[in-house]
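Structure first, commentary second.
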Amino acid sequence: MSSERYLFLIKGSLVMAQPVAAPETGELLVGLLQQGFVVGPLPVWAGNAEQALACYEPLAQRQAFADVLTGGAS
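Written out as structure tokens, the structure is:
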């Protein structure tokens, strides 16, 4: 199974996974950023969007924990 890099687009509690190399990604990013979405800081490699989203929560929790340990979170 091949994998590709996914970005997370976040607005409130809504999280979307978008493959970086997909032809529509540029246009989609512009539209979603204009709607108030932000690009998450933790891209992942996954076989599909469902797998990428399954990775998001553990990654976000680890990042939050690391931020607390390094004093980066308030």
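FYI, the numbering for the sequence shown is 1 to 74, going by UniProt numbering.
In this text, a Cβ means the ideal position worked out from N, Cα and C, and glycines have one as well.
Computed from a prediction, not measured in an experiment: that's the story for all the values here.
The residue from G40, E57, T70 with its alpha-carbon nearest to that of Q18 is G40. Here the alpha carbon of V68 sits roughly 14 Å from the alpha carbon of L59. Taking the Cα positions, R62 is about 30 Å away from E27. Annotation for V15: no alpha helix (DSSP H) segment contains it, though the beta strand (DSSP E) segment containing it runs 14-19.
E50 carries a helical assignment under DSSP once its states are collapsed to helix, strand and coil. Per the C-alpha coordinates, the member of A22, Q35, I10, G12 positioned closest to N48 is A22. Shown here, L42 sits in coil according to DSSP, grouped into three states, outside any helix or strand. Listed in chain order, the non-local C-beta contacts of V44 below 7 Å within the same chain comprise Y6, A52, C55, L59, local neighbours out to five positions each way being set aside.
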